[in-house]
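One structure below.
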Amino acid sequence: MAGQPIFILKEGSKRTRGRDAQSNNIMAAKAVAEAVRTTLGPKGMDKMLVDSMGDVVITNDGATILKEMDIEHPAAKMVVEVSKTQDEQVGDGTTSAAVVAGELLKKAEDLIEQEIHPTIIASGYRLAAEKAVEVLNSLAMNVEMSNRELLVSIAETAMTGKGAEASKKLLSGIAVDAVTSVVDTNGKKTIDKDNISVVKKVGGRIEDSELIPGMIIDKERVHTNMPEKVKDAKIALLNSAIELKDTEVDAEISITSPDQLQSFLDQEEAMLKKIVQKVISSGANVVFCQKGVEDLAQHYLAKAGIFAIRRVKKSDMEKLARATGGKLITNLDEITPEDLGFAKLVEEKKVGGDSMTFVTGCDNPKAVTILLRGGTEHVVDSVDSALEDALRVVGVAIEDEKLVSGGGSPEVEVALRLQEYAATLEGREQLAVKAYSEALEVIPRTLAENAGLDPIDMLMELRSQHEKGMKTAGLDVYEGKVVDMWNNFVVEPLRVKTQVINAATESAVMILRIDDIIASTRAAPGPEEMGGMPPGMGGMPPGMGGMPPGMM
Ligand code: ADP
Ligand code: MG
């Protein structure tokens, strides 16, 4: 039976092997990196993402862009994952991570061309990454939680080039104050970000944003006769509605005389009164209800001088429970004084024409809220995402107490040290370490490119400063000069940089080690898919749409 092909795969499965598989994967990964590259740094541009519903997001956050892009190629997805992990772990450096991963693969491609086996490249990359982290650690400087100025610089660096640019001074201060107020100092410092809420309110200016020592609920009290302000609030958090339950079975009540109708209504009224009475006797003077509050019940509550809001979001109810120390009450019959939460003040205030409820002086002082203002929804959203980055990096900096300078300075320094390290290695891994060091320079190079500077000149100048021992020399993208980033207050948490190295290396190595792609067809392909290219595979899968690198 010689010469007879043997089929081990289902008909329609597609298999790509060897070089083809590698170059296919590398190309896709590079395309992803290329897509976010122009957004890197203070002078990076934004992307406008329009989803299938026509909703618009304007962002330059790598993780957000890649998430919204709906990428399908399996290797490209792995780079998206790098960015996502970066976002989850440190909240910043998402663009850098994808860009470095893409560059590592680009350099690997050159080595593969020179007949260097991917496993050698992989092991060289691993060595290089280990060394890079070591160098980064040696570059790190300490930061204390009490050093507000330095923490503000970290927040500012994270917000640079984002939507919040114009008011980053104010917002950085707010971010630092918010994070420092929720730090848990028992033992190792930790930050529970759930304690910081961000409430967005369109209208006004970004500068009107403020930090509130408590919670804000975007609702007004249900009845104007209720007090606008309750001091020493005892708060009932209700999961259930304050209304009469609908009859469960279809019941028919036949009323034959006006008297009967009146007595029926009286009875209903009495029942509702009884329910409200339970709330009153628990000692509560504030009610936050997740469901509805019937008109008549509103009236009784108002009469009892109780402040009530209804249809509070579930997530807000949970936060309120944490902040005030109250319990979520599902069954009104079981409400007790111990279930109530506490706050020094519950107050309705006007914010940009709308009334909101402020809950301050909470039992748990760790609950704080940032009230974000801005001209339009898109402005508020983009400020929110910049602020999110700032909150995360400040948190990371407080937890780790370690910083490095930014503006490409650590990358150039690490690249230089890696070149020296490569010289000590024997064999072909040396080439891989060298390639790795060159790949890291993609960060300063891109920062320069995006700022309209000459990347070659800038890189030469950076290298020469670092060779002279200026470890913190980085790119002043505004002046087009190489300066000491430390003096420019461009600083970032160490963890942002080590995570970029680790995540980018891992994924590059994983992609490099693949030399065989076996893709099965989807179960029961539709008629339009029959005969065509199997989805998710082939030269250019649907998600990438044949888009050449550099199209975005
Ligand atoms: P990422 O998603 O990777 O954080 P960014 O667009 O936030 O991408 O850009 C981060 C890069 O910009 C970092 O290398 C950082 O050091 C650099 N950077 C931030 N602020 C400045 C600045 N004022 N001058 C020079 N470089 C800066
Ligand atoms: Mg950033």
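Heads up: the sequence shown runs through residues 5 to 556, numbered per the working numbering.
Positions of the beta carbon are idealized from the N, C-alpha and C atoms, including for glycine.
Across the set Lys34, Asp196, Ala32 and Glu72, the C-alpha of Glu72 shows the shortest separation from the C-alpha of Lys51. Around the beta carbon of Asp393, 16 or more other beta carbons lie within 10 angstroms, which makes this residue buried. Bridge partners of Asp480 according to DSSP: Lys485. Ala162 has its Cβ nearer than 7 Å to a heavy atom of the ligand MG. Assignment of Asp393 by DSSP, reduced to helix, strand and coil, places it in the helix class. Every unbroken stretch of the alpha helix (DSSP H) spanning 4 or more residues and falling wholly within the region 112 to 143 is given here in chain order: 122 to 143. With a cut-off of 7 Å, the C-beta of Glu496 is classified as near the ligand ADP, since at least one heavy atom of the ligand falls inside that distance. Per DSSP, Gly365 lies in no alpha helix (DSSP H); the unbroken beta strand (DSSP E) holding it starts and ends at Asp358 to Cys366. Leu324 places its beta carbon 8 Å or farther from that of Phe346. Distance between Trp490 and Arg209, taken at the CA atoms: about 31 Å.
According to DSSP, Thr20 shares a beta bridge with Ile521.
In this structure the region 192 to 212 lies against the region 168 to 183, because at least three pairs of beta carbons, one per stretch, are closer than 8 Å. Residue pairing by DSSP places Gly218 opposite Thr364 in a beta bridge. Per DSSP, the unbroken alpha helix (DSSP H) holding Arg467 starts and ends at Pro459 to Glu471. For Leu376, no alpha helix (DSSP H) encloses it; the enclosing beta strand (DSSP E) starts and ends at Val372 to Gly378. Of the residues assessed, Gln8 falls on the exposed side of the cut-off, its CB having fewer than 16 other CB atoms within 10 angstroms. Per DSSP, reduced to three states, the secondary structure at Thr63 is strand. A distance below 7 Å between beta-carbons, with the five flanking residues on each side excluded, links His470 to the following residues of its chain, in chain order: Val416, Glu417, Leu420 and Ala477. The residues Asn28 and Ile521, in chain order, have a CB closer than 7 Å to that of Thr20 in the same chain once the five nearest residues on each side in sequence are set aside.
Three or more Cβ pairs drawn from the region 401 to 415 and the region 141 to 159 lie within less than 8 Å of each other, which places the two stretches in contact. Straight-line measurement puts the Cα of Ser87 at about 34 Å from the Cα of Val316.
Distance from the CA of Ala159 to the CA of Asp488, rounded to the nearest whole angstrom, comes to 19 Å. Here the C-alpha atom of Leu463 lies approximately 14 Å from the C-alpha atom of Lys472. Within the region 224 to 270, the runs of beta strand (DSSP E) that reach at least 3 residues and sit entirely inside it are, in chain order, 233 to 242. The distance from the Cβ of Ala126 to that of Arg517 is about 6 Å, consistent with a contact at the 8 Å cut-off. In the structure shown, Asp188 falls within a strand segment according to DSSP collapsed to helix, strand and coil. The closest heavy atom of the ligand MG lies less than 7 Å from the beta carbon of Asp96. Setting aside the 5 residues that flank it on each side, Ser267 has no residue in the same chain whose C-beta is closer than 8 Å to its C-beta. Judged by DSSP secondary structure, Glu352 falls within the beta strand (DSSP E) whose first and last residues are Gly345 to Val355. For Ile30, the CB contacts under 6 Å within the same chain, skipping 5 residues up- and downstream, are Leu109 and Glu113 in chain order.
Spatial neighbours of Tyr129 in its own chain (CB-CB distance under 7 Å, excluding positions within 5 residues in sequence) are listed in chain order as Leu108, Ala436, Tyr440, Thr509, Ala512 and Val513. Inclusion of Asn64 in the 7 Å shell around the ligand ADP follows from its C-beta lying nearer than that to a non-hydrogen atom of the ligand. Taking a contact as a CB-CB distance under 8 Å, the pair Thr328 and Ile239 counts as one, their CB atoms being some 5 Å apart. Taking a C-beta distance under 8 Å as the contact criterion, Glu85 and Glu232 do not qualify as a contact pair. Pairing Thr98 with Gly48 gives a Cβ-Cβ distance that is not under 8 Å. Fully contained in the region 398 to 460 are the following alpha helix (DSSP H) runs of length 4 or more, in chain order: 413 to 428, 433 to 444 and 446 to 454.
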